[in-house]
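Engineer: Sharing a structure below in structure tokens format, with a few things to ask.
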Amino acid sequence: MKKKDLVRNISLVALFSLTPQITHAMHIMEGFLPMKWAIIWGVLCIPFLVMGLKAIKKNLGKGADEKMLLGLVGGFVFVLSALKIPSVTGSCSHPTGVGLGAILFGPTSMTVIGLIVLLFQSLLLAHGGLTTLGANVFSMAIVGPFVSYGIFKLLKGDKKNPKMAVFLAATLGDLATYVMTSIQLSIAFPDSAGGMIASIGKFLTVFAVTQIPLAIVEGIITVIVYNLIVQYKEEGVLDIG
Amino acid sequence: MLKIKDLCFEYEDGKVALKNINIDGENGNVIGIIGANGTGKSTLFMNIMGILKAKSGSIEFDGKKLTYDKKSLREYRKKVNIVFQNPEQQLFYSDVYDDIAFALRNLNFTEEEIEKRVYDSLDRVNSLDLIKKPIHFLSYGQKKRVSIAGILALDGKILLMDEPTSGLDPEMTKDMKNIINEIKNDRQVIISSHDMDLIYEICDYIYVIKDGEVTAHGKPEDVFIQTKVLTEARLDKPWLIKIYEKFNTPLFKSEEEFINYNK
Amino acid sequence: MLLIDKYAYNNKLRDYNPQAKFFLACVGLLVFRIIDNEFLYILNIVFMTGVTVLVAKIPFKKYLDMFKIPFVFLIMSLVTILISINNTDYIYSIHIFGLDLGFTYESLLKCKTLFLAVFSSLSSIYFLMLTTPMIQIIKGLKKIKVPGLIIELMILIYRSIFIFLDEMHNMDLAQRMKFGYENKRNSINSVSLLIGNLFRKILEKNRDMNIALECKLYDGEFKVGD
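Chains as they are written, first to last, in this note's numbering: chain A, 833 to 1073; chain B, 3 to 265; chain C, 58 to 283.
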């Protein structure tokens, strides 16, 4: 029973806390950030990554060896970013999946998976960059998932199929990433007249056109996927034995 | 030497999967396990490898009964190896060398010994040219051969092969047959397959499984003429047997013999 | 899919010293970026492009295509930085929604430099990506003492990526043959089904691969050679 839950929960955490932000189309590209900020964001990620590594190691030590599972989850998340979904604006976007945080492992260990997926995205797909890895990890693998996790936990209650909680967790997680990225950009490039605040306003406005519809569509997709998973579990299709 | 005695296995929900299976490794160098889908062949292999624990009966290797503690299983699996049907299931690295070296590194072999074994194993499956290729660029047949190499490197005594030719084209099937014929020289091979012709040509002894039980066993030429047994097990006869039965020619052991026959 | 990966394994500089490649890329990514000099940027772009296209023999058109990937985001961001609100010294401005929006000479210059900085960095990283197979990169990271657990996960994730790409491709094809993407509503539904299916595969494959790992005497560590 324990092992089943472990496997299920890790998968849920991955799906719900990681996928949306990582597969987001809002990667800051290589070389965009001045080196100073690139380094600062990288440093800010370190405590979370250390926590994540510790969390993973702790669970590995318990005898349930889930390294392979984490590997598969990482591959899955990466591949989601290759999917194309229709956006309201007519163009196609890459889905970010869902933004829920699930239970056992929590979003901390998923930070590590997120780091690796973002690294692969920059090296295999040219989404993002090495110098901007720190900033991207911070917004997509830390802020987003933590927000999603928090909202999910908050709104979930006792419901067996908490649709609204799932939707809001996914959508707001996405939006949190978008806001964080805008903040990162505006700190590095303050408006010459209005300073950082004006800059945040600028970036938020410009990206809202694509990011807000994307967040909503992904919220919808997340709910559908979550339903499917609940259904699979009930039908016994998800063989976790 | 492997001996399976009165093996019974049940799934968690109580469904009986294997009933009193008896397999004597001394019967032949290449042993075939045949049966329709769902009759328990894979379950049997999982039991032999100790992945599934038998309800009753025993698995004996070199006279010693298999126990399920970690240490015994580890020692056992050094000598008794398995190649799964789906290569994707058993390839973990993207680098061919590293993947074949995996089991050896787990056993703390020296890098010199590992290098020797990796090259040897790839050579035995005629795939030395793949050493520098990443695994995800290999074709299905190539992946199958690399998975075999990864297991050959362990140099065990017994090799289980689950459907080694499934999904392979005729040329690759011939290659696989040659590979198995070469491997059998230094270890016992136990193979399960739906390819009756393959089983007929390379096996010394076969077991027919139906509904989790052995319904017949013996030399291929003795078992494959038992029409009733085969039909009940939902199996077909090898072509060479059919020709023998229809035309009253001598029983050919291989396609070459048949082709070279002159009345 | 993953054309970059194909080039990484099939280019003329594949077997060249990986450390040298890293070093070359880092000069552009780090040193030049810190110095922030336009001339150096242009030099880097020309040099990196030359090495990538002429020495490693990457097709020029494909190389150019790669620069299209971040293009939209780049332009959007640059324009956002270029334009300031309620500023003075505008070269050109418009009055809209009660605000003055325009760009100054300074911001134009800054954007020009930033544009070159990005292109220079991209040319460096593209050089690295197109000439260095991922396995070399992973082993390189191991050499600079990246934590072992991260290296192991990188190996497993890299392998898993291709497993799932295959699955996704097959499912997508099957869905298309059943008209799964004819309109927006269908598409959302089909994508969700695909994702749900892929998720299910995670657990299936986890079970199967762990069995194979046991049979291969897995002891908890995915060791890798040098």
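All C-beta atoms in this analysis are idealised placements derived from N, C-alpha and C, irrespective of residue type, glycine included.
Values in this document were obtained by computation on a predicted structure and should not be read as measured data.
I'd like to know whether the C-beta atoms of I50 (chain B) and L162 (chain B) end up nearer to each other than 8 Å.
Structural biologist: yes
Engineer: Verify whether the separation of the beta carbon atoms of A958 (chain A) and I126 (chain C) is less than 8 Å.
Structural biologist: Less than 8 Å divides the Cβ of A958 (chain A) from the Cβ of I126 (chain C).
Engineer: Quick one: using the 10 Å Cβ neighbour count with 16 as the cut-off for buried, is T145 (chain C) buried or exposed?
Structural biologist: Within 10 angstroms of the beta-carbon of T145 (chain C) lie fewer than 16 other beta-carbons, which makes it exposed.
Engineer: Would you tell me roughly how many angstroms separate the C-alpha atoms of V231 (chain B) and E261 (chain C), rounded to the nearest one?
Structural biologist: 35 Å
Engineer: Please name the residue, chosen from C:Y275, C:L187, C:M228, C:R264, that lies closest to L119 (chain C) on a Cα-to-Cα basis.
Structural biologist: Inspection of the sequence shows that residue 119 (chain C) is occupied by Lys rather than by Leu. Per the Cα distances, C:L187.
Engineer: With distances taken from CA atoms, which of C:V248, C:N240, C:I212 is nearest D229 (chain C)?
Structural biologist: C:V248
Engineer: Express the C-alpha separation of G1026 (chain A) and T921 (chain A) in angstroms, rounding to a whole number.
Structural biologist: Any reading at T921 (chain A) must be qualified, since the residue scores a pLDDT of 48, below 50, and its modelled position is unreliable; the value itself is stated next. Using only the alpha carbons, I get a separation of about 30 Å.
Engineer: Since E862 (chain A) meets chain C, which of its residues come closer than 9 Å, beta carbon to beta carbon?
Structural biologist: Here the neighbours are L86, P127, V175, S178, L179, S181, I182, Y183.
Engineer: Out of curiosity, what's the CA-to-CA distance linking E1067 (chain A) and D15 (chain B)?
Structural biologist: 16 Å
Engineer: Within the present structure, is the beta-carbon of M1012 (chain A) separated from the nearest heavy atom of the ligand HEM by less than 7 Å?
Structural biologist: The ligand HEM is not among the ligands present in this structure, which contains no ligands whatsoever.
Engineer: When you compare each of A:M900, A:A887, A:G863 to F264 (chain C) by their alpha carbons, which one comes out closest?
Structural biologist: Looking at the sequence shown, residue 264 (chain C) is not Phe but Arg. Among A:M900, A:A887, A:G863, the Cα nearest to that of R264 (chain C) belongs to A:M900.
Engineer: Would you say R257 (chain C) lies against chain B (beta-carbon separation less than 8 Å)?
Structural biologist: R257 (chain C) does not count as touching chain B.
Engineer: Over what stretch of residues does the alpha helix (DSSP H) that includes C10 (chain B) continue unbroken?
Structural biologist: According to the DSSP assignment, C10 (chain B) belongs to no alpha helix (DSSP H) but to the beta strand (DSSP E) extending over 4 to 12.
Engineer: Could you check how far apart the C-beta atoms of T189 (chain C) and K273 (chain C) are, in whole angstroms? I think they sit under 8 Å.
Structural biologist: Rounded, the Cβ-Cβ distance is 29 Å, inconsistent with contact.
Engineer: Please return the same chain residues whose Cβ sits closer than 7 Å to the Cβ of Y64 (chain C), not counting the five positions on each side in sequence.
Structural biologist: I115, L187
Engineer: Of all Cβ atoms in chain C, is any one closer than 8 Å to the Cβ of P89 (chain B)?
Structural biologist: no
Engineer: Taking C-beta pairs closer than 9 Å, name the residues in chain C that I1061 (chain A) reaches, listed in chain order.
Structural biologist: G253, F256, R257
Engineer: Between L59 (chain C) and D101 (chain B), what straight-line distance do the alpha-carbon atoms span, to the nearest angstrom?
Structural biologist: Here the alpha carbons of D101 (chain B) and L59 (chain C) stand approximately 22 Å from one another.
Engineer: Would you say the segment 200 to 208 of chain C touches the segment 167 to 187 of chain C, given that touching needs at least three Cβ pairs under 8 Å?
Structural biologist: no
Engineer: Would S1031 (chain A) pass as a contact of F1039 (chain A) if the rule is Cβ separation under 8 Å?
Structural biologist: Inclusion of S1031 (chain A) and F1039 (chain A) in the CB contact set at 8 Å is not warranted, their separation being larger than that value.
Engineer: Between T1054 (chain A) and K241 (chain C), what straight-line distance do the alpha-carbon atoms span, to the nearest angstrom?
Structural biologist: 16 Å
Engineer: Among all the DSSP beta bridges, which residues are the ones paired with Q953 (chain A)?
Structural biologist: None, per the DSSP bridge assignment.
Engineer: Are the CB atoms of L956 (chain A) and D62 (chain C) nearer to each other than 8 Å?
Structural biologist: yes
Engineer: Any beta carbon from chain C within less than 8 Å of K886 (chain A)'s own beta carbon?
Structural biologist: no
Engineer: Shortest alpha-carbon distance to L876 (chain A) belongs to which of A:M1028, A:A967, A:S1014?
Structural biologist: A:A967
Engineer: Check for me: the alpha helix (DSSP H) holding H152 (chain C) runs from which residue to which?
Structural biologist: Premise fails: H152 (chain C) lies in the beta strand (DSSP E), 147 to 153, not in any alpha helix (DSSP H).
Engineer: Output the distance between the C-alpha atoms of Y66 (chain C) and G197 (chain C), rounded to the nearest integer angstrom.
Structural biologist: 16 Å
Engineer: Excluding sequence positions up to five away, which residues of its chain have a Cβ less than 6 Å from the Cβ of C205 (chain B)?
Structural biologist: Cβ neighbours of C205 (chain B) beyond the five flanking positions: V32, G34, P222.
Engineer: Residues in the segment 202 to 229 of chain C with C-beta within 9 Å of chain B's C-beta atoms, listed in sequence order?
Structural biologist: I212, L213, Y215, R216, I218, F219, I220, L222, D223
Engineer: Measure the C-alpha to C-alpha separation of D238 (chain B) and M198 (chain B) and round it to an integer number of angstroms.
Structural biologist: If I take the Cα positions, the gap works out to 7 Å.
Engineer: Per DSSP, which one or two residues make a beta bridge with H219 (chain B)?
Structural biologist: B:Y209
Engineer: For H219 (chain B), count neighbouring C-beta atoms within 10 Å of its own C-beta (all shown protein chains included) and say buried if the count is 16 or more, exposed if not.
Structural biologist: buried
Engineer: So K57 (chain B) and E12 (chain B) are in contact, right, with Cβ under 8 Å, and what is the actual spacing, rounded?
Structural biologist: 5 Å
Engineer: Excluding five sequence neighbours on each side, which residues of the same chain lie with their C-beta closer than 8 Å to the C-beta of I212 (chain C)?
Structural biologist: Cβ within range, chain order: I195, F279, V281.
Engineer: On the DSSP bridge assignment, give the partners of T161 (chain C) in chain order.
Structural biologist: C:Y147
Engineer: Looking at the C-beta of N49 (chain B), does it have a partner C-beta in chain C at a distance below 8 Å?
Structural biologist: no
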